[in-house]
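> Here it is, the structure, as structure tokens.
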Amino acid sequence: MKSAIKINSISATANLIIHALFILMALTCVVPLLLVVVVSITDEQSVVIDGYRFWPQQFSLEAYKYLLQEGKTIIQAYGVTIFVTVVGTILSLFVISSFAYPLSRKDFAYRKLFTFLVVFTLLFSGGMVSWYMVTTQLFQLKNNVWALIVPYLFNGWYVMIMRTYFMTSIPDGIIESAKIDGAGEYRIFFSIVLRLSLPGLATIGLFSSIVYWNDWWLPLMLVQDDKILNIQYLLYKAQSTADFLSSVSGQNYGTVMQISPPSLTVRMALAVVGIGPIVLAYPFFQKYFVQGLTVGAIKG
Numbered sequence: 006m007k008s009a010i011k012i013n014s015i016s017a018t019a020n021l022i023i024h025a026l027f028i029l030m031a032l033t034c035v036v037p038l039l040l041v042v043v044v045s046i047t048d049e050q051s052v053v054i055d056g057y058r059f060w061p062q063q064f065s066l067e068a069y070k071y072l073l074q075e076g077k078t079i080i081q082a083y084g085v086t087i088f089v090t091v092v093g094t095i096l097s098l099f100v101i102s103s104f105a106y107p108l109s110r111k112d113f114a115y116r117k118l119f120t121f122l123v124v125f126t127l128l129f130s131g132g133m134v135s136w137y138m139v140t141t142q143l144f145q146l147k148n149n150v151w152a153l154i155v156p157y158l159f160n161g162w163y164v165m166i167m168r169t170y171f172m173t174s175i176p177d178g179i180i181e182s183a184k185i186d187g188a189g190e191y192r193i194f195f196s197i198v199l200r201l202s203l204p205g206l207a208t209i210g211l212f213s214s215i216v217y218w219n220d221w222w223l224p225l226m227l228v229q230d231d232k233i234l235n236i237q238y239l240l241y242k243a244q245s246t247a248d249f250l251s252s253v254s255g256q257n258y259g260t261v262m263q264i265s266p267p268s269l270t271v272r273m274a275l276a277v278v279g280i281g282p283i284v285l286a287y288p289f290f291q292k293y294f295v296q297g298l299t300v301g302a303i304k305g
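Numbering (my numbering), first residue to last: 6 to 305.
Right under this line is the structure:
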């Protein structure tokens with residue numbers, strides 16, 4: 006017993022070093038974000054002359070004013086992003102867990118076949134042209150809000166993670182007991198398995214929500230209607246426009262040369278606006294996140 010305690014215990018010096026390392030890692034994440042926020046509220050010329058500083062030499066909100074010139078469009082894009090993130094995350098959790106659960110059952114006859122199909126799609130893909138043709142011509146996913154949701158509903162990696170979680174966290178005895186009590190497969194899945202899998206579902210839900218929130222590629226490929234553009238693609242367009250106007254203004258061409266929009270501070274303001282409400286999702290998922298990431302651990 007004493008030897009086991011010695012193996013698992015650490016000295017005060019080692020404990021101090023570990024805490025110092027974790028504090029250093031936290032600072033490497035927080036300090037750049039703080040610098041981005043400070044630069045976004047600094048005057049453009051001050052940034053050009055003095056460089057990036059943690060304390061603004063000259064306070065300015067011109068970058069945010071530039072972004073909010075079309076406030077209605079920004080709010081509309083936020084609405085689309087929130088809708089796509091919420092609905093897409095819920096639907097993807099349903100699709101992924103529904104596909105992963107049968108693969109975790111040893112009595113499923115086609116378990117090896119469907120596992121092979123999932124692994125095959127992880128190793129090989131049909132390429133962008135075939136993906137675009139199937140998406141737009143077979144599923145008619147073009148220029149509508151479902152084009153921003155459906156392509157990300159299924160992810161092979163997430164299926165394998167959830168399958169491992171079901172296999173290692175749901176004892177076979179619970180399922181057998183439920184069958185003896187007369188429960189069907191759907192009741193076992195929705196009433197027992199999903200309720201016991203909250204850490205795994207929360208982890209996959211966090212991953213999926215980040216994918217939906219940060220996506221700008223699907224609007225670029227599948228959407229032309231400005232009313233259903235999400236915030237990330239809108240910010241991408243604003244950044245491109247700011248870079249273009251800055252380059253033209255710098256070359257003194259035509260009447261456009263009088264326009265000198267901020268570009269350095271706009272990049273930082275774009276990052277701050279782009280983070281948005283997704284930051285608030287982390288505290289909600291935090292209590293499940295560690296347990297969900299250890300899905301491969303052997304328990305018992």
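A virtual CB, placed ideally from N, CA and C, is assigned to each residue, including glycine.
According to DSSP, which residues form a beta bridge with Thr47?
Thr47 pairs with Phe64.
> In chain order, what residues of the same chain lie with their CB nearer than 7 Å to the CB of Leu234, ignoring the 5 residues before and after it?
Contacts found: Ala82, Val85, Pro224 and Val228.
> Measuring only the C-alpha atoms, how far is Leu201 from Pro61?
Taking the straight line from one Cα to the other gives about 50 Å.
> Pull up the distance between the alpha-carbon of Met226 and that of Val139, whole angstroms please.
Cα-Cα distance, rounded: 13 Å.
> Assuming Thr208 is part of the alpha helix (DSSP H), what are its boundary residues?
First-last of the alpha helix (DSSP H) with Thr208: Leu203 to Asn219.
> For Ala31, count neighbouring C-beta atoms within 10 Å of its own C-beta (all shown protein chains included) and say buried if the count is 16 or more, exposed if not.
Answer is exposed; the Cβ neighbour count stays below 16.
> Please report the distance separating the alpha-carbon of Ala114 from that of Ile175.
Straight-line Cα distance between these residues: approximately 19 Å.
> Hey, quick one: how far does the alpha helix (DSSP H) through Phe119 stretch, first residue to last?
Arg116 to Leu128 is the extent of the alpha helix (DSSP H) around Phe119.
> What three-state label does DSSP hand Tyr57 in the structure shown?
Here Tyr57 sits in coil by DSSP.
> Less than 6 Å between C-beta atoms, sequence neighbours within five positions excluded: which residues of the same chain meet that for Thr126?
Excluding sequence neighbours, Thr126 sits near Gly161.
> Can you name, in chain order, every residue of its own chain whose Cβ lies under 6 Å from the Cβ of Arg110, other than the five neighbours on each side?
Result list for Arg110: empty, nothing under 6 Å.
> Could you tell me how far apart the beta carbons of Ser51 and Gln63 are, in whole angstroms, since I believe they sit closer than 8 Å?
Contact flag correct, Cβ pair sits at about 4 Å.
> I'd like the list of long-range same chain contacts for Met167, defined as Cβ closer than 7 Å, with 5 residues on each side in sequence excluded.
For Met167, where only same-chain residues beyond five positions count, the Cβ hits under 7 Å are Ile101, Ser102, Ala105, Gly205 and Ile209.
> Helix, strand or coil for Gly131? Go by DSSP, reduced to three states.
If DSSP states are grouped into helix, strand and coil, Gly131 belongs with coil.
> Can you have a look at Tyr170 and say buried or exposed, based on whether 16 or more other CB atoms are within 10 angstroms of its CB?
Buried is the call here.
> Counting C-beta neighbours from all protein chains within 10 Å, is the total for Asp230 16 or more, i.e. buried, or is it exposed?
Asp230 is exposed by the Cβ-count criterion.
> Can you tell me whether Ala188 is helix, strand or coil according to DSSP?
Residue state, collapsed to three classes: coil.
> Which term fits Ala17, buried or exposed, when burial requires 16 or more other beta carbons within 10 angstroms of its beta carbon?
That one is exposed.
> Can you tell me which of Trp221, Glu190, Ala243 and Leu38 puts its alpha carbon nearest to the alpha carbon of Ile79?
Ranking Trp221, Glu190, Ala243 and Leu38 by Cα distance to Ile79 puts Ala243 first.
> Quick one, which of Phe159, Glu181 and Ser245 has its alpha-carbon nearest Val124's?
When only C-alpha atoms are compared, the closest one is Phe159.
> Rounded to the nearest angstrom, what separates Thr120 and Leu128 at their Cα positions?
Their backbone Cα atoms lie some 13 Å apart in a straight line.
> Go through its chain and collect everything with a Cβ distance to Gly259's Cβ below 7 Å, but skip five positions before and after it.
Residue confidence for Gly259 is low, a pLDDT of 46 falling below 50, so the modelled location carries little weight and cannot support an answer.
> Which class does Lys77 belong to by DSSP, given the choice of helix, strand or coil?
Residue state, collapsed to three classes: helix.
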